Ligand code: GBH
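Residue numbers (UniProt numbering): 11 to 477.
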């Protein structure tokens, strides 16, 4: 067995929340139904050369029509919670103005079906499908988009707030800003470091204004979800306690500031890290940061959601930024590692999740943590109607042990959501990358519970891991 598998039985604290997550554009399909408008991902995936195989979300898992069957699978697995996102263009086709009741009806039905099955809905308001009409007016580089987001958030809460207690404003604003406007790997596919820095600020503003609107409407639990990674030197990938040179330690802290503190310091403390302000000033000036913005961004929230897949491995290394997604990373080299990796090429390092949770709980003790995504793509094959995904079982086992270790060491981690419930549209990678607990045969839309799903159901039932 790989060395990252620790042994022995572990029990999670009582009340620990177990679940799974998805996102609207990745699973729903039905992109033209019931008055849905276009999103930037319809445009982007419809542009040749942007997504592997020319795949789009037009049909995806057809969840829009099959949601009841999918909730039934969640019940079989015993999920406590299901995190899904609302497609903004279903609610406001053009991202502004009167709401589309038919779009809200879908989420209304979904929420009722979940509650009838004893599953708590965790609603994410923005998981990357910006209405194209807003992108045409500047998208996240435009300040106005933040105000439109707050109106949209209030509209969704007005319909679902009587039954949904947990609300997430944004999923992974770093990805929206730096892959969407920095290296152009995601929609809208723009490539300008100044635009990326502006987008990051307007996303934070949208979070603050949205959280304020949700709180005013009586939302019980408000969360910001970030993609985060522990930033480590190559030696620390396998030896978490390896010492780092002063230069390497500086590279580590710079990348940690760009990836994680850029979002959590404003949201939780009302201030940008100095080095992030310097990068913004260099690429965008500071005119987009208005007086009072940081106070608006710094709303009281209940939880920070952490999406973790792999550590970020760096060392000091003068040069130009290796990737346009990382303005401010001059003098940092991103390093390859030789530990086993998933089909995405992402190194498998469960101890990275303990390291990350412990650092965040030390740095931001005022807020609770929740693992809102963790999971892996492997090349699944169906044999006799089964999927024997032992590597994914090992991945989940290792990472859940890492979460448990962090809790034992004092981190306040309230729950864990597997990414993903279903195989789905993996953004720029299309359908070839499968992250699901449930296999989707796209030709027939048949669902097959993978071995990892059965294993996960067992972990949920015992609130822990067996020997
Ligand atoms: C999540 O994004 C998404 O929320 C989800 O929709 C998606 O399906 C899932 O993960 C799996 O991809 O070091 O510059 O190369 C994960 C986003 C992917 C962000 C890897 C950082 C590497 C950045 N992360 N990525 S870089």
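Every residue, glycine too, gets a C-beta built ideally from N, C-alpha and C. Predicted model, so just to flag it, every value in this text is computed and none were measured.
Could you check whether residue j and residue i sit closer than 9 Å to each other, using their CB atoms as the reference points?
{"i": "residue 425", "j": "residue 29", "result": "yes"}
{"i": "residue 358", "j": "residue 405", "result": "yes"}
{"i": "residue 318", "j": "residue 371", "result": "no"}
{"i": "residue 412", "j": "residue 363", "result": "yes"}
{"i": "residue 21", "j": "residue 474", "result": "yes"}
{"i": "residue 346", "j": "residue 324", "result": "no"}
{"i": "residue 155", "j": "residue 221", "result": "no"}
{"i": "residue 429", "j": "residue 31", "result": "yes"}
{"i": "residue 306", "j": "residue 281", "result": "no"}
{"i": "residue 150", "j": "residue 213", "result": "yes"}
{"i": "residue 10", "j": "residue 353", "result": "Examination of residue 10 is not possible in this model, given that the chain is present from 11 through 477 alone."}
{"i": "residue 273", "j": "residue 216", "result": "no"}
{"i": "residue 94", "j": "residue 44", "result": "no"}
{"i": "residue 262", "j": "residue 289", "result": "no"}
Looking only at its chain, what residues have a beta carbon closer than 8 Å to the beta carbon of residue i, apart from the 5 residues adjacent to it on each side?
{"i": "residue 108", "result": "102"}
{"i": "residue 470", "result": "28, 87, 88, 89 and 90"}
{"i": "residue 227", "result": "164, 167, 168 and 171"}
{"i": "residue 368", "result": "416, 419, 420 and 421"}
With DSSP collapsed to three states, give me the class of residue i.
{"i": "residue 86", "result": "helix"}
{"i": "residue 483", "result": "In the structure as shown, the chain begins at 11 and stops at 477. Residue 483 is therefore absent and cannot be evaluated."}
{"i": "residue 132", "result": "strand"}
{"i": "residue 374", "result": "coil"}
{"i": "residue 92", "result": "strand"}
{"i": "residue 123", "result": "helix"}
{"i": "residue 451", "result": "strand"}
{"i": "residue 68", "result": "coil"}
{"i": "residue 432", "result": "strand"}
{"i": "residue 357", "result": "strand"}
{"i": "residue 303", "result": "helix"}
{"i": "residue 344", "result": "strand"}
{"i": "residue 178", "result": "strand"}
{"i": "residue 331", "result": "coil"}
{"i": "residue 243", "result": "coil"}
{"i": "residue 28", "result": "strand"}
{"i": "residue 118", "result": "helix"}
{"i": "residue 290", "result": "helix"}
Out of curiosity, what's the CA-to-CA distance linking residue i and residue j?
{"i": "residue 279", "j": "residue 183", "result": "17 Å"}
{"i": "residue 361", "j": "residue 349", "result": "13 Å"}
{"i": "residue 285", "j": "residue 343", "result": "18 Å"}
{"i": "residue 100", "j": "residue 34", "result": "10 Å"}
{"i": "residue 197", "j": "residue 137", "result": "12 Å"}
{"i": "residue 122", "j": "residue 431", "result": "19 Å"}
{"i": "residue 84", "j": "residue 55", "result": "29 Å"}
{"i": "residue 463", "j": "residue 390", "result": "13 Å"}
{"i": "residue 355", "j": "residue 387", "result": "9 Å"}
{"i": "residue 59", "j": "residue 248", "result": "37 Å"}
{"i": "residue 472", "j": "residue 126", "result": "23 Å"}
{"i": "residue 211", "j": "residue 299", "result": "7 Å"}
{"i": "residue 146", "j": "residue 50", "result": "9 Å"}
{"i": "residue 181", "j": "residue 266", "result": "18 Å"}
{"i": "residue 15", "j": "residue 144", "result": "Annotation note: pLDDT 49 at residue 15 (below 50); position unreliable, coordinate value reported separately. Rounded to whole angstroms, residue 15 to residue 144 spans 46 Å at the Cα level."}
Using a Cβ-Cβ cut-off of 6 Å (strictly less than) and excluding sequence neighbours within five positions of residue i, which residues of its own chain qualify?
{"i": "residue 313", "result": "233, 378 and 380"}
{"i": "residue 271", "result": "283"}
{"i": "residue 339", "result": "331"}
{"i": "residue 544", "result": "Outside the modelled stretch of the chain, which goes from 11 to 477, sits residue 544, for which no answer is possible."}
{"i": "residue 287", "result": "none"}
Leaving out five residues on either side along the sequence, give the residues of the same chain with a beta carbon under 7 Å from the beta carbon of residue i.
{"i": "residue 70", "result": "36, 37, 38, 39, 434 and 435"}
{"i": "residue 206", "result": "187, 188, 191, 192 and 337"}
{"i": "residue 334", "result": "192, 193, 201 and 203"}
{"i": "residue 224", "result": "163, 167, 177 and 232"}
{"i": "residue 294", "result": "204, 207 and 208"}
{"i": "residue 422", "result": "371, 378 and 379"}
{"i": "residue 417", "result": "23 and 423"}
{"i": "residue 244", "result": "323, 325, 345 and 347"}
{"i": "residue 18", "result": "477"}
For the putative contact between residue i and residue j, defined by C-beta atoms under 8 Å, what is the C-beta separation to the nearest angstrom?
{"i": "residue 446", "j": "residue 460", "result": "7 Å"}
{"i": "residue 141", "j": "residue 47", "result": "6 Å"}
{"i": "residue 321", "j": "residue 341", "result": "Rounded, the Cβ-Cβ distance is 20 Å, inconsistent with contact."}
{"i": "residue 129", "j": "residue 74", "result": "About 18 Å; that fails the 8 Å criterion."}
{"i": "residue 68", "j": "residue 41", "result": "5 Å"}
{"i": "residue 383", "j": "residue 427", "result": "6 Å"}
Quick check: is any heavy atom of the ligand FMN less than 8 Å from the C-beta of residue i?
{"i": "residue 189", "result": "What this structure holds is the ligand GBH, not the ligand FMN."}
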